[in-house]
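Report on one structure; see the data block that follows.
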Amino acid sequence: LMNAAVAQGVEPAQITQHCDSVSLCFSKGLGAPAGAVLAGRRELVSEAWRVRKLLGGGLRQAGVLAAAARLGLQQAEATLRRDHHNARRFAEGTSGPLGTPGGIQELNSPVCSINLTAVETNMVMVTVTGRLSPAEL
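Going by the UniProt record's numbering, the first residue of the sequence shown is number 1, and it counts up by one from there.
Here you go:
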């Protein structure tokens, strides 16, 4: 959700405005060591809470995780923009040390390719053609 919002330049609320429920993991890109939040109708959240307890989920001294999640949310846009920039740089490349290729696209590999228009967030999909061993790749 947060990656999509940053990539589109909109608030998360705009993306989720027609959703009945939304969950957000604080450790994926936001920097918290763990934790998540669920937003939705009171009945849904109550049932999710009950099932979580039923399956053994529970946490004591959650303040440390809450603090990390809060910091992650406060710094989310800058952190995710950096992640998006790094993914783009990894895909396109900028010359590395001593003029060596710095990204997959710059390698001009006959076996690895990237659709650069698909690199919108922090994900880079590399297409590998042919049969190569890890050593050959």
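All C-beta atoms in this analysis are idealised placements derived from N, C-alpha and C, irrespective of residue type, glycine included. Every value quoted in this text rests on a predicted model; they were computed, and no experiment measured them.
As the crow flies, the alpha-carbon of ILE15 is around 43 angstroms from that of GLU136.
Nearest Cα to LEU73 within the set LEU24, ARG42, HIS85, GLY93: LEU24.
Counting along the chain, LEU80 sits inside the alpha helix (DSSP H) bounded by residues 76–92. Counting the other CB atoms within 10 Å of its CB gives VAL124 a total of 16 or more, which places it among the buried residues. CA-to-CA, the gap between VAL64 and VAL37 works out to about 15 angstroms.
For PHE26, the closest alpha carbon among the candidates GLN105, ALA66, ARG89, SER109 is that of ALA66. Close CB contacts of ALA7 within its chain, under the 6 angstroms cut and outside five residues either way in sequence, are with GLU120, THR121 (chain order). Note on geometry: alpha-carbon atoms of LEU107 and GLU77 lie some 31 angstroms from one another.
Only residues of its own chain outside the window of five on either side were considered, and among them ARG89, PHE90, ALA91, GLU92, GLY93, THR94 have a CB closer than 8 angstroms to the CB of GLY103, listed in chain order.
Under the DSSP assignment, ILE15 falls in the alpha helix (DSSP H) whose first and last residues are 12–16.
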